[in-house]
Amino acid sequence: MQKVGFFRSIHVKFVLIYVLLILVSMQIIGLYFARELDQRLKENFMNSIVDRMNLVEFSVREEITKKRMDSDPTPEQSLKNVLAEFTSDDIIEIRAINNKYRILATSSYENQTRVGQHSTDESVKKSITSEQIQDVIRIDRQSRNHVLSLAKPIFDGDEVIGSLYVDANIETVFRQIEQINGILAKGAAVSLTITIIVGIFIARTFTRPISDMRRQAQAMASGNFMRKVKVYGTDEMGQLAIAFNHLTNQLQESQSTTESERRKLASVLENMTDGVISTDRRGRVSLINDSALQMLDMTTDLVINRPIASILGIESEYTFEELIQVKESIPLDFSTEEQSYILRATISVTQRETGFVNGLIVVLHDNTEQEKIDMERREFVSNVSHELRTPLTTMRSYLDALAEGAWRNEEIAPNFLSVTQNETERMIRLVNDLLKLSRMDSKEYELNKEYVEFNRFFNAVIERFEFSKSQNVRFARNLYSSSLFVEIDTDKLTQVLDNIISNALKYSPDGGEVRFGVTVSGDYIKVMISDDGMGIPKSNVNRIFDRFYRADRARSRALGGTGLGLAIAKEMITAHKGDIWAQSEEGKGTTIFFTLPFEQQEDGEWD
Ligand code: ATP
Ligand code: MG
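Position 323 (the sequence shown) corresponds to 323 in this note's numbering; numbering is contiguous.
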């Protein structure tokens, strides 16, 4: 924050204004006082002189109007004595002048030569003509003192017979005034000094809380809420300080709530599995969470401030304005040859109440699994309908032929009926298989587990096939040397083995060999069934466990397969917490392996 200049600070302004006010008022009082004093003192002085002049006037009038004898002294002589009597410290000179302006006498020793001369003094003339006292203050040329000159007319009845002229030393009065003014000035200076000092202190009581608050506001701006303004009193300033402290508390509280909300939001964003991207109002990325970065395989630096459409790889389809209008989520296909990867972007617009668009929030969801499931479901439905349609159309054509009269033909009719019977069988088998799978999918079924000796169990299944087989295929057994007790659902495992062995027989050539083996590895027993059959193309080996998958549709249908056998087997083995897989070489043969969990027992414990 800017520093307040010295002369701009309230403190200095306050003191200046205060001092100026005091100075002006003192000046006014001083001026008035000095003028009054000046007038009064001069008036008093003049009055004292005039009083004495009145006394002199009486004697002078006597002397001028008196009838004289020859023995009497001359009027000049007697007047001189009268005037001499009246001289004092403050009266410098008294002159008596007749109405012809002739100087009759003077008290001054030096001015005796002027007696009998004409008085040139203006005030004397004026006093005689105007019949009023004239007063003038002048500065004496020699002594540089102030001199009060008074000219007073001398009346004889109504007639003016002359004038009394006095030069009085008024310097003492001026000295007095000067002294008093000096005292006044000193007093003013002292009181001003005191005023300034007091002013500074008073101003401080205002400015200190203000600068305290200013400092606190600065501290608050830099995030420090621990400071408190000191409350100096209960006046308005004190109230302001209390209000300020209250404001600080409120601010701190709301700041900490915002901060904790921000942290919560940040942690929610970071821990979300969905990706979140937000943009500014021009569609440039302003925030992105880790999940979104991972999904898009990018780093923050690459993304921040870049247009959202180019980040999502849809800049050719959508502009930012179009993205604002988008109502449904947009699929983003990042699939490669090897791997499918599909994201779904849901876009929402952040708007002010006025409708002004602040930006977009894009939520990215990994939709690969969902898409896969959807695709599988579609495929499944189409597979099922396809599988059902084939036997149904076959049956319809045979039934049509029968209805059109073939039933009468004893040679053809049984053949046609047996075909429809076979197709019906196939459909029943298919529906049963589907039911089995759907039951397993919905986890409705429970395994009916029991402890069995696996070699014995396996042997029984193989023997059943050995007795019933119609082909010329040899069976070779390489079972485990000692007893293997496993906990299995024998019905389910029989179905699994039935399917694998019947497959092996189905695809075996005439004179081929089917080998059966059991080994133990760790906590599992490993079962393998291999044949010398036609094999499976390498790229499809793992697909044989998919529902409806058949390597060679035409041929396997001819062999009566639906393509569900291994899918069911896989479900069952998985339910037993085992694993199933295949190895195959085209033209050479196929081996199906599966494992089952197995607990090693002491030999003979179960025998
Ligand atoms: P189902 O078993 O339902 O009667 P299926 O035998 O055709 O019909 P699966 O047992 O699931 O179906 O087998 C799927 C496909 O795997 C078969 O159609 C076949 O192409 C291939 N297959 C399975 N076992 C072998 C094998 N031993 N040799 C060659 N191909 C095999
Ligand atoms: Mg099969």
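Glycine is no exception: its CB is placed at the ideal position from the N, C-alpha and C atoms.
As the structure is a prediction and not an experimental result, all values here were calculated from the model.
Nearest-angstrom beta carbon gap, residue j and residue i [assumed within contact, 8 Å]
| i | j | result |
| --- | --- | --- |
| E57 | K152 | 7 Å |
| L148 | A168 | 5 Å |
| I94 | V166 | 5 Å |
| I342 | T368 | 5 Å |
| G522 | E586 | The Cβ separation is near 32 Å, so there is no contact. |
| V518 | A582 | That pair is no contact at about 17 Å. |
| I525 | L596 | 5 Å |
| T574 | D433 | About 17 Å separates the two Cβ atoms, so there is no contact after all. |
| V349 | L360 | 6 Å |
| E281 | N358 | Sequence inspection shows Arg at residue 281; the Glu mentioned does not correspond to that position. About 6 Å; that satisfies the 8 Å criterion. |
| F619 | R543 | Beyond the ends of the chain as shown, which are 1 and 607, falls residue 619; an answer cannot be given. |
| I277 | I308 | 7 Å |
Beta bridge counterpart(s) of residue i as assigned by DSSP
| i | result |
| --- | --- |
| D333 | I342 |
| S348 | I361 |
| S127 | S127 is not bridged to any residue. |
| T135 | Sequence check: residue 135 is Asp here, not Thr. In DSSP, D135 forms a bridge with L150. |
| F485 | E453 |
| H118 | R102 |
| Q294 | Per DSSP, none; premise fails for Q294. |
| V276 | V363 |
| T590 | S584 |
| A476 | R515 |
| I97 | I103, S163 |
| I91 | A168 |
| T595 | K526 |
| V285 | T279 |
| P75 | Note: P75 sits in no beta bridge, so no partner. |
Option nearest residue i by Cα separation, candidates the options
| i | options | result |
| --- | --- | --- |
| S483 | D156, V60, E110, V520 | V520 |
| D441 | I568, I170, V198 | I568 |
| I17 | S340, A203, A403, E599 | A203 |
| V551 | T590, S119, E466 | The displayed chain sequence assigns Ala, not Val, to residue 551. Among T590, S119, E466, the Cα nearest to that of A551 belongs to T590. |
| I529 | P537, Y451, F458, F244 | F458 |
| D135 | S127, F334, Q325 | S127 |
| G533 | K492, D523, W581, L505 | L505 |
| L437 | L388, L566, T129, V518 | L566 |
| L240 | Q218, F206, N44 | F206 |
| L164 | E171, S107, V384 | S107 |
| V12 | I197, S78, D489 | I197 |
| Q27 | A188, I137, F7, N111 | A188 |
| E131 | N145, G116, F155 | F155 |
| I92 | N44, S71, I170 | I170 |
| T234 | T248, E253, P209 | P209 |
| L493 | H386, A460, T87 | A460 |
| R389 | L402, V431, I592 | V431 |
| I373 | Q351, N44, S340, G5 | S340 |
| F454 | S256, N305, F516 | F516 |
| T195 | L364, F467, L21, V363 | L21 |
| V173 | I103, S222, N499, I137 | I137 |
| Y480 | R464, V527, S470 | V527 |
| M226 | L251, G238, M237 | L251 |
| V452 | E466, D491, R426, E110 | D491 |
| V115 | L104, D121, G355 | L104 |
| D549 | S539, L564, P537 | Sequence inspection shows Tyr at residue 549; the Asp mentioned does not correspond to that position. Ranking the options by Cα distance to Y549, first place goes to L564. |
| G355 | I324, F334, R61, E571 | I324 |
| Y445 | L150, M572, G223 | M572 |
| N181 | P75, F86, R35, I501 | R35 |
| I177 | K42, T113, H365 | K42 |
| T248 | Q218, L265, A96, R306 | Q218 |
| S468 | A96, E487, D498, Q351 | D498 |
| S539 | S256, S584, D510 | S584 |
Chain D within 8 Å of residue i, Cβ atoms only
| i | result |
| --- | --- |
| N455 | Looking for chain D here will not work: only one protein chain is present. |
Q: Quick one: which unbroken beta strand (DSSP E) runs of 3-plus residues sit fully inside the region 149–228? Chain order, please.
A: If only uninterrupted beta strand (DSSP E) runs of at least 3 residues are considered, those enclosed by the region 149–228 are 159–169.
Q) Can you list, in chain order, the stretches of the beta strand (DSSP E) that have 3 or more residues and sit fully within the region 353–435? A) For the region 353–435, whole beta strand (DSSP E) runs of length 3 or above, ordered along the chain, are 357–366.
Q) Taking a cut-off of 6 Å, which residues have a beta-carbon closer than that to any heavy atom of the ligand MG, in chain order? A) Having a Cβ closer than 6 Å to some heavy atom of the ligand MG are N499, S502, N503, G561, G565.
(Q) List, from N- to C-terminal side, the beta strand (DSSP E) runs of 3 residues or more that fit wholly inside the region 491–554. (A) Taken in chain order, the complete beta strand (DSSP E) segments of 3 or more residues contained in the region 491–554 are 513–521, 524–531.
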